[in-house]
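Residue numbers (the working numbering): 12 to 230.
Note that beta-carbon positions come from the ideal geometry of N, C-alpha and C, so glycine has one too.
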């Protein structure tokens, strides 16, 4: 990576230091490391665009969401029709002193692509997210299952689930409206789709990038 990207800043994640206090941090499938990566970047740069390695950007028009984020502070992409209670273990809700029934109409959102600006509100959000990431009883909850009013439940989303529970503490949710034959929520205040086009970036897992970090060819 260093040889192919001279402008990249590479920072090694301190797994060994954090694992002294939370051994599950080093198990990558739980994504407990992600809030720490975001918090460290916020401390260094003030405003960040975070993207998992599966994100492929289709545009570099970030100015609208960056400008809006000076007020909003935290922006993610909601997934309409995908409800938080269907993707979150009940014990995670219990850790936050909540019931899954309170979140049956709340959409889950992507945690792999978000924009964060260092504000007083964002510091409260990040503190709660980091605290949950350090507690296996919050983030992992092996002994519980998802429950929701839909016909079937789905996989627990770890960092993603905790992030949305926390965001609902600090932002009012959109009202449910009728769109055609569907009842959908208005966008939540943290939904970046209110600021950016939907084709800004896509999540493409397992895709091979032939020209990743290769030199641009002159036309």
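Report the rounded CA-to-CA distance for residue i versus residue j, giving the unit in angstroms.
| i | j | result |
| --- | --- | --- |
| residue 143 | residue 118 | 20 Å |
| residue 18 | residue 12 | 10 Å |
| residue 181 | residue 153 | 27 Å |
| residue 91 | residue 196 | 8 Å |
| residue 211 | residue 104 | 32 Å |
| residue 247 | residue 145 | Residue numbering for the chain in the displayed model covers 12 to 230; residue 247 lies beyond these limits and cannot be assessed. |
| residue 11 | residue 83 | Residue numbering for the chain in the displayed model covers 12 to 230; residue 11 lies beyond these limits and cannot be assessed. |
| residue 140 | residue 160 | 26 Å |
| residue 183 | residue 202 | 12 Å |
| residue 110 | residue 166 | 18 Å |
| residue 22 | residue 14 | 15 Å |
| residue 41 | residue 65 | 16 Å |
| residue 86 | residue 27 | 30 Å |
| residue 30 | residue 51 | 17 Å |
For my contact list, residue i and residue j are in at a C-beta cut-off of 8 Å; report their separation, rounded to the angstrom.
| i | j | result |
| --- | --- | --- |
| residue 176 | residue 136 | Not confirmed; about 11 Å, so no contact. |
| residue 89 | residue 198 | 6 Å |
| residue 126 | residue 49 | Actually they are not in contact, since the Cβ atoms of residue 126 and residue 49 sit about 10 Å apart, beyond 8 Å. |
| residue 79 | residue 123 | Contact flag wrong, Cβ pair sits at about 20 Å. |
| residue 67 | residue 213 | 5 Å |
Quick one: what does DSSP say residue i is sitting in, helix, strand or coil?
| i | result |
| --- | --- |
| residue 168 | coil |
| residue 196 | strand |
| residue 35 | helix |
| residue 63 | coil |
| residue 89 | strand |
What residue range does the beta strand (DSSP E) around residue i cover?
| i | result |
| --- | --- |
| residue 213 | 212-214 |
| residue 47 | Here residue 47 belongs to no beta strand (DSSP E); instead the alpha helix (DSSP H) covers 45-56. |
| residue 99 | Where residue 99 is concerned, there is no enclosing beta strand (DSSP E), given that its DSSP letter is neither H nor E. |
| residue 125 | 124-128 |
| residue 118 | 118-120 |
**Report entry** Three-pair Cβ contact test at 8 Å for the segment 112-126 versus the segment 149-157
**Finding:** no
Query - Any 3 or more C-beta pairs closer than 8 Å across the segment 90-103 and the segment 168-175 - result: yes
Query raised in the report: Are the segment 48-57 and the segment 70-82 in contact at 8 Å, needing three or more beta carbon pairs?
Result: no
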